[in-house]
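Novice: Structure in structure tokens, see below.
In the UniProt record's numbering, the protein residues as written are 1 to 180.
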């Protein structure tokens, strides 16, 4: 038996032809709907299409007063939410945890949902020891890496939305800059 090296397109389930709307374009009146029948070999070579190389560049332009004001507003609102506790997922845990910042704005705390009431364990992470906050593989995850002195594995936090993740990342960056 031989295995094909590419997908075999098949007509769509709703029929092989779909009418298009009449407009000013010179398209044919019907077009064929093509779908993948998902028989690609897992171990075969996969073609990368439309991949564009990019390079990181240093952003030298200073933010204007309006942009600074907007960024400060985002940070202030997120700090308010972090003081009372922000619901997050941690690592592979399916139960929810809460992310806090202490009143002095120098320490993050993750309260695990494993315990009950006042027995809930809290992990304290001094912001001075957080050396990197990078985006994880998912759209809503943020990975915190710590200094060698902490000897901790990175922690992956999952947020309810990408906006929330970006706001937390900005807030952590600002808090770290204030400590320096």
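Glycine included, every Cβ here is placed at the ideal spot set by N, Cα and C. In this text, all values refer to a predicted model and were calculated from it rather than measured experimentally.
(1) Would you list, in sequence order, the uninterrupted beta strand (DSSP E) runs of no fewer than 3 residues that lie entirely inside the region 61-146?
(2) Am I right that residue 171 and residue 75 are in contact with their C-beta atoms under 8 Å? What's the rounded C-beta distance?
(3) Can you tell me the Cβ-Cβ gap for residue 99 and residue 83, rounded? I've got them flagged as a contact below 8 Å.
(4) Touching or not, the region 127-146 and the region 63-72, by the rule of three or more beta carbon pairs under 8 Å?
(5) Between which two residues does the beta strand (DSSP E) carrying residue 158 extend?
(6) Tell me the rounded alpha-carbon separation between residue 146 and residue 126.
(7) Pick helix, strand or coil for residue 176, following the three-state DSSP scheme.
(8) Would you call residue 161 buried or exposed, if buried means 16 or more other Cβ atoms sit within 10 Å of its Cβ?
(9) Measure the C-alpha to C-alpha separation of residue 123 and residue 61 and round it to an integer number of angstroms.
(10) Kindly indicate which residue of 108, 156, 77 and 176 has the alpha-carbon position closest to the one of residue 139.
(11) Exposed or buried, residue 70, counting other C-beta atoms within 10 Å across all chains shown (16 or more means buried)?
(12) State the DSSP-derived secondary structure class of residue 151, mapped to helix, strand or coil.
(13) Within 10 Å of its beta-carbon, does residue 158 have 16 or more other beta-carbons around it, so buried, or fewer, so exposed?
(14) Enumerate in chain order the residues of its own chain whose CB-to-CB distance from residue 152 is below 7 Å, with the five nearest sequence positions on each side excluded.
(15) Use the C-beta contact count for residue 167: other C-beta atoms within 10 angstroms, 16 or more gives buried, fewer gives exposed.
(16) Tell me whether the beta-carbon of residue 150 lies closer than 9 Å to the beta-carbon of residue 129.
Specialist: Short version:
(1) 86-90, 96-101, 107-111, 122-126, 130-135 and 141-146
(2) 5 Å
(3) Contact flag wrong, Cβ pair sits at about 11 Å.
(4) no
(5) 155-158
(6) 9 Å
(7) helix
(8) exposed
(9) 38 Å
(10) 156
(11) exposed
(12) coil
(13) buried
(14) 146
(15) buried
(16) yes
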